[in-house]
DNA sequence: GTCGTTGCTGGTAGCGCTGTCAACGTTCCT
DNA sequence: AGGAACGTTGACAGCGCTACCAGCAACGAC
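Protein chains in written order, with this note's numbering: chain A, 353 to 718; chain B, 353 to 718.
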């Protein structure tokens, strides 16, 4: 009787089937599509499986069915807070589904991304989540040819491979600058680090808003390819001040930089917001409790991850979402650092997200 | 000729073997143990594989060989900065090896951990990384019975399942308090959130140090089960101040709380460090650029992750490390927030790590 | 010259599961 | 009543790879 045991001592489907008095294939169906069984057999297989403590062998399943239940996720950084929020959303959504997450880190390199994509695709993932819209031509071709659903996250653009969820970094930056204009600021600097495509588009938005107002000046822009940090924010701000002493505001490409600028202002005894206004990007948790509280552009990172994974899983299961491109929008959260003579947290300028409208191109916000 | 193609259009090992003019099994060996082949066949298989763009089918390999090349990682949180550093180390170390990482989030629940462990183990991982030493009895039994190497990370304790890498949170907390004593502080508060086992041990260390000095007072301790945040740091500090107005220092269980305390001090115009000294835990990047710069206990998170994965992979490949328990130590980085009348960044108090000595029990530091 | 020994190679037989298709019993329609 | 249609079940044949063991040549020791 023990002869049927697998070498590893594990219970196989065949044992479950035998105990339940059905054929192995019927037992197999129980796990994949229980509705297809009669109630009697269903309960028998169920109790047999429980009694034996059966756990399916995923490798065998993958081999036989020619597909895996793995969702591949490609993100550029594990360190960045932004991605940890997105990831949390993805993991939360995948939990309870039968799909597991396979994560890889492209380190902001599209070549690395291409390599990883090739690796992933070879294992026939059930679905794929990739960051951004700036893939190599080769990657793009592989994605188009892939026979699984794909979601691009973090931003939206004109030409989705399949599904897409994010927001317009360009519009968000324009909104941040517009807010500073409203507050009467004119000499608005830009501080950016890493300069990945999304930060670049924030810069583009900033530049266009400044040009529209006739206020653009190349000296107001300080960027570096160095990875971002709070300390770096202080350093870049120092550079900016040296170039442009009569600065009256800084728009930071992310909140870490903004915090660094705030500290540097305190160090130099520059009054915020009286002398210089500060606006960050992402609205990390600490922005609301800094002194003064820091204005930032809120982005829905957790929701982005969660929705991306949910959409993907639905699509894998054959229920494609009615809209393939989802704009989650953004919101300028106005706080003390940019609103002299105003109280904290006023009604905010928001992007497309509220209406979740479909967009193909960067749309002007209201 | 196309008849041998698999349905999925993929190249199989058999095709490679055919092109190379060897048997499939020889081709298989090429990928697992190239040294076993004669140089002639080796090069022939190699070029055939490259020419055909062969990618092995992992599911088939796993099924046939009865083992996977997956390293399971169980961590309690994806949000926490601390774990993102550890994870980065793990991913960095796994890159280039043939092992892939399967990550799961226990959300600080040992029951959830047990469930995930059962799931992982059923797939016969090549190795396992688990967080901490506080598993359920059932989990512990499963880990002991698992036939793969296991590394426990984040802390060290008396009774490793297999390998272990971390440091003593208890000693680190004692060192932080000792530093405050040296600075002449007496009424030292403790602020903690989440209160997971490691934070609890930091509290234990604090309590023991305070008791040793005859300074312990229950009113000095403010904790909550709520997840940590900067804002929460301010709130807990407010509570603490209400209970104990003549506080002269705060030891925070992590840096987010410390930053919140700093902001709250600024809001209340409490001078740091003149009225109140602040010490954090982990030494996140921003601590060095806050104003004043914030003292913290540096922990080697990235290195911990990297070393854990490296040790694990070595052990999987049959090269067990000479020491199974590795104490990475800690270091009190003294900065302005706790060192009145001193300049920044003096020589620091450090834990066991420098010597990487083996420890079985929390050892007193010097 | 015979017998081990070593180094390399190949054949056989699965690993545990699922896709496909045929077959069965039942119900419902005409 | 006959047959179509449906729902349910099972047999068969692999999925692509590797473990195991046998075979073979080349070589050296006696």
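Heads up, the beta-carbon is just placed ideally off N, CA and C, and yes, glycines get one too.
This one's a predicted model, so the numbers in the text were calculated from it and none came from an experiment.
Residue state for residue 526(A) is assigned as helix, using DSSP reduced to three classes. Rounded to whole angstroms, the separation of the alpha carbons of residue 508(B) and residue 432(A) is 28 Å. The region 462 to 479 of chain A and the region 527 to 540 of chain A do not touch, with fewer than 3 CB-CB distances between them shorter than 8 Å. For residue 421(A), no Cβ of chain B is located within less than 8 Å of the residue's own Cβ. Residue contact with chain B for residue 457(A): present (Cβ-Cβ distance below 8 Å to some residue of chain B). At a cut-off of 8 Å between beta-carbon atoms, residue 592(B) makes no contact with chain A. Residues of the region 604 to 636 of chain B whose Cβ lies closer than 7 Å to any Cβ of chain A, in chain order: 611, 612, 615, 618, 619. Within chain B, the residues 411, 412, 415 have their CB atoms less than 7 Å from the CB of residue 415(A), given in chain order. Contact check for residue 580(B) and residue 555(B): beta-carbon distance about 14 Å, past the 8 Å limit, so the pair fails to qualify. The beta carbon of residue 641(A) falls within 8 Å of a beta carbon belonging to chain B, placing the residue at that interface.
About 5 Å separates the Cβ atoms of residue 532(B) and residue 601(B), confirming a contact at the 8 Å cut-off. The region 479 to 499 of chain B and the region 664 to 673 of chain B touch, with three or more beta-carbon pairs separated by less than 8 Å. Out of 686(A), 687(A), 669(A), the CA that lies nearest to the CA of residue 449(A) is found in 669(A). Assigned with DSSP and collapsed to three states, residue 405(A) falls in coil, not helix or strand. The bridge partners DSSP lists for residue 629(A) are 601(A). Only buried fits residue 657(A), as 16 or more other CB atoms lie within 10 angstroms of its CB. With respect to the C-alpha of residue 640(B), the residue from 616(B), 686(B), 522(B), 619(B) having the closest C-alpha is 686(B).
When the Cα atoms are used, residue 644(B) and residue 564(A) turn out to be separated by approximately 40 Å.
Your pair residue 443(B) and residue 422(B) does not check out as a contact, with CB atoms roughly 14 Å apart and the cut at 8 Å.
By the C-beta density criterion, residue 561(A) is buried, having at least 16 other C-beta atoms within 10 angstroms. Given a length threshold of 3 residues, each whole run of the beta strand (DSSP E) inside the region 547 to 610 of chain B is given here in chain order: 573 to 575, 601 to 604. In this structure residue 461(B) is exposed. Its beta-carbon is surrounded by fewer than 16 other beta-carbon atoms within 10 angstroms.
Annotation for residue 519(A): no alpha helix (DSSP H) segment contains it, though the beta strand (DSSP E) segment containing it runs 515 to 519.
Contact with chain A is found for residue 475(B), since one of that chain's Cβ atoms lies less than 8 Å from the residue's Cβ.
In chain order, 430, 431 make up the part of chain A whose C-beta sits under 7 Å from the C-beta of residue 440(B). Per the coordinates, the alpha-carbon of residue 487(B) lies some 8 Å from the alpha-carbon of residue 466(B). A straight line joining the alpha-carbon of residue 515(B) with that of residue 569(A) spans about 58 Å.
581, 582, 583, 586: these are the residues of the region 573 to 590 of chain A whose beta carbon lies less than 7 Å from some beta carbon of chain B, given in chain order. If only uninterrupted alpha helix (DSSP H) runs of at least 4 residues are considered, those enclosed by the region 456 to 506 of chain A are 462 to 474, 489 to 497. With contacts defined as CB atoms closer than 8 Å, residue 559(A) and residue 603(A) fail to qualify as a contacting pair. With contacts defined as CB atoms closer than 8 Å, residue 391(A) and residue 379(A) fail to qualify as a contacting pair. Contact check between the region 497 to 506 of chain B and the region 610 to 623 of chain B: fewer than three CB pairs, one atom from each, fall below 8 Å, which does not count as touching.
With its beta carbon at least 8 Å from every one in chain A, residue 675(B) lies outside the interface. In the DSSP secondary-structure assignment, residue 650(A) is bridged to 634(A), 683(A). Burial check for residue 377(A): the Cβ neighbour count within 10 Å stays below 16, so the residue is exposed.
Taking all protein chains in view, the Cβ of residue 534(B) is surrounded by fewer than 16 other Cβ atoms within 10 Å, so the residue is classified as exposed.
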